[in-house]
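Notes to accompany the following structure.
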């Protein structure tokens, strides 16, 4: 620095749309064009879902947890239903496991193409964004054909799935997979060869493998740092252990690496869906289960598109959960993204933030913490309103 | 330049968007749209009301006399009511054009035919 000492400048980014269209606040301390320190402030999208779950029956909760996140809606219900089925000791029938897996992989393709499009948008490569989103419509239509809705599929239910895959839909799926495979391969070549993309993303937002491990990064962010960790392979659920597929990882550790991981994962999903359709077992796709769930506790890990998703449930023998807890993948990635941003350029903030595929509506679930006493508590909306009225006099 | 073939292809292709009210998308079978209630089948057990995650269903009256009120503005179109119904009295049709400028028309009361 010159003889003129300039103090560090603080720039708030957000809470309006720092990356994807969701509210979150990051405070950046900058020195010239460099980011010196980052402070993330989460909680702008807290909706009290865990508390709401306690006052709804398990059937109603299916649709509540689907709405934790619009993009990983199937991953959340998968974790929820697997948890409850564990407590009830009635696993999904084999056919249901395959159908659930097919929908999960379709959702992964949709999420990854959506994200890669957004990444293109963040770096100003709008043709990439438009082409990817056009081709994403193929998978959205397939999801609609399988489940009856484009976004909230409502396919999982406790004791199986709600819809069967008919031969007609199967034909559509196979046709769609051929189109998607061809398109995804084109985008992979594009990501590997297009100078616009490479020059902007190579060496930007580097997360070294040791840092990724230390900061507990999850999902594609972790795999883009060269670490092969995927819950689907390491702790298989549904029918992932009966399918031949591989965990994708790239060791460039930068934003380009994250784009490549996601495109390749979407390609792997295409292969998984094809195999699952070939192997689709016969039999029922749903079994009847009692409404009351016996007392117990269960934890389930699921590989959502953004990474490892953890659901915990404690039941008390009634038809409502006693406590429900969700740890969403974005929360696991926030320490990592704060680390990546440090030392980078201000201009790289949007793409680096977007590169972890943040989902803040998943992340925001917190209790009140009194910093002086360390006491923690959770309030319902009514209690909070009552407190506010009393406090205001 | 990997993008060039893509760009050239796009030059000669039509727009992918539909000119909506004039061109209609193909609605898949099993789309969860407008709710239909069959008073002949309904016995008024109220399981649909109990299971509705959005609190969008309501019964007026008792047992066989009961009439269903559907609050379409609250409905999340999950079709759990249709699945829970032991008599298959509820069905979600493929009708998806439910938007309106009048809020009050979204609360629909289905009437039982007079005997």
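Chains as they are written, first to last, in the numbering used here: chain A, 49 to 441; chain B, 5 to 119. Note that CB positions come from ideal geometry on N, CA and C, so glycine has one too. Since this is a predicted model, take the numbers as computed values, not measurements.
**Whole runs of the alpha helix (DSSP H) within the stretch 366-401 of chain A, excluding any shorter than 4 residues** = Taken in chain order, the complete alpha helix (DSSP H) segments of 4 or more residues contained in the stretch 366-401 of chain A are 377-389.
**Item:** Spatial neighbours of residue 100 of chain B in its chain, beta-carbon cut-off 8 Å, leaving aside the 5 residues before and after
**Value:** 31, 35, 37 and 38
**Request:** Note down, one range per segment and in chain order, each alpha helix (DSSP H) of at least 4 residues found wholly within the stretch 108-142 of chain A.
**Result:** Within the stretch 108-142 of chain A, the complete alpha helix (DSSP H) segments of 4 residues or longer fall at 121-136, listed in chain order.
**Message:** Does residue 201 of chain A pass the burial test, meaning 16 or more other C-beta atoms within 10 Å, or should it be called exposed?
**Reply:** buried
**Request:** Using 10 angstroms around the beta-carbon of residue 16 of chain B, count the other beta-carbons present and answer buried if the total reaches 16, otherwise exposed.
**Result:** exposed
**Request:** Mind checking who residue 74 of chain A pairs with in its DSSP beta bridge?
**Result:** Paired residue(s): A:61 and A:88.
**Request:** Taking 8 Å as the cut-off, decide whether the C-beta atoms of residue 187 of chain A and residue 150 of chain A are in contact.
**Result:** no
**Message:** Between residue 92 of chain B and chain A, is any beta-carbon pair separated by less than 8 Å?
**Reply:** no
**Asked** Which two residues bound the contiguous beta strand (DSSP E) that contains residue 352 of chain A?
**Response** 344-352
**Request:** Please state whether DSSP places residue 298 of chain A in a helix, a strand or coil.
**Result:** coil
**Strand pairing of residue 208 of chain A, partner residues [DSSP]** = Its beta-bridge partners are A:205 and A:334.
**Asked** residue 116 of chain B bridges to which residues according to DSSP?
**Response** For residue 116 of chain B, which the question treats as bridged, DSSP gives no partner whatsoever.
**Request:** Identify, in the order they occur along the chain, each residue of the same chain with its Cβ nearer than 7 Å to the Cβ of residue 11 of chain B, setting aside the five sequence neighbours on each side.
**Result:** The answer is none, since no qualifying residue turns up.
**Message:** Using CA atoms only, rank isn't needed, just tell me which of A:281, A:165 and A:132 is closest to residue 355 of chain A.
**Reply:** A:281
**Asked** Should residue 39 of chain A be flagged as near chain B, meaning a C-beta pair shorter than 8 Å?
**Response** Since the first residue of chain A shown is 49 and the last is 441, residue 39 of chain A is not available in this structure.
**Asked** Whole-angstrom Cβ separation of residue 232 of chain A and residue 314 of chain A, contact assumed at under 8 Å?
**Response** 5 Å
**Contacts around residue 146 of chain A, its chain only, beta-carbon distance under 6 Å, and the 5 residues preceding and following it disregarded** = 287, 324 and 328
**Request:** State the beta-bridge partners of residue 363 of chain A as determined by DSSP.
**Result:** A:344 and A:369
**Asked** When you compare only the Cα positions, how much space is there between residue 351 of chain A and residue 6 of chain B?
**Response** 32 Å
**Request:** In angstroms with no decimal places, state the Cα-to-Cα distance between residue 90 of chain A and residue 73 of chain A.
**Result:** 7 Å
**Message:** Comparing C-alpha positions only, which one of A:122, A:309, A:358 and A:321 sits nearest to residue 160 of chain A?
**Reply:** A:309
**Request:** To the nearest angstrom, report how far apart residue 115 of chain B and residue 264 of chain A are at their CA atoms.
**Result:** Using only the alpha carbons, I get a separation of about 58 Å.
**Request:** Alpha carbon to alpha carbon, how far is residue 168 of chain A from residue 339 of chain A? Give it in angstroms, no decimals.
**Result:** 46 Å
**Prompt:** When the Cα atoms are used, what is the spatial distance from residue 109 of chain A to residue 71 of chain A?
**Reply:** 25 Å
**Asked** Do we get a CB-CB distance below 8 Å when we pair residue 66 of chain B with the residues of chain A?
**Response** no
**For residue 358 of chain A: DSSP bridge partner residues** = A:349 and A:375
**Item:** DSSP bridge partner residues for residue 73 of chain B (one or two, in chain order)
**Value:** B:62 and B:113
**Request:** For residue 108 of chain A, decide whether its Cβ has a neighbour in chain B, counting only Cβ atoms nearer than 8 Å.
**Result:** Interface residue, yes.
**Message:** If the cut-off is 7 Å on Cβ atoms, which residues from the stretch 42-60 of chain B count as contacting chain A, listed in chain order?
**Reply:** When C-beta distances to chain A are compared with 7 Å, the residues of the stretch 42-60 of chain B below that value are 55 and 57, in chain order.
**Asked** Can you tell me where the alpha helix (DSSP H) with residue 321 of chain A in it begins and where it stops?
**Response** 303-327
**Prompt:** Would residue 20 of chain B count as contacting chain A if we go by Cβ distances under 8 Å?
**Reply:** yes
**Request:** May I have a chain-ordered list of the alpha helix (DSSP H) segments no shorter than 4 residues that lie completely inside the stretch 183-250 of chain A?
**Result:** 215-241 and 243-249
**Request:** Please report how far the alpha carbon of residue 82 of chain A lies from the alpha carbon of residue 393 of chain A, in whole angstroms.
**Result:** 5 Å
**Item:** Secondary structure of residue 292 of chain A, DSSP reduced to three states
**Value:** coil
**Request:** Give the interface partners of residue 182 of chain A over in chain B, defined as CB-CB distance under 7 Å, in chain order.
**Result:** 20
**Prompt:** Three-state secondary structure (DSSP) at residue 276 of chain A?
**Reply:** coil
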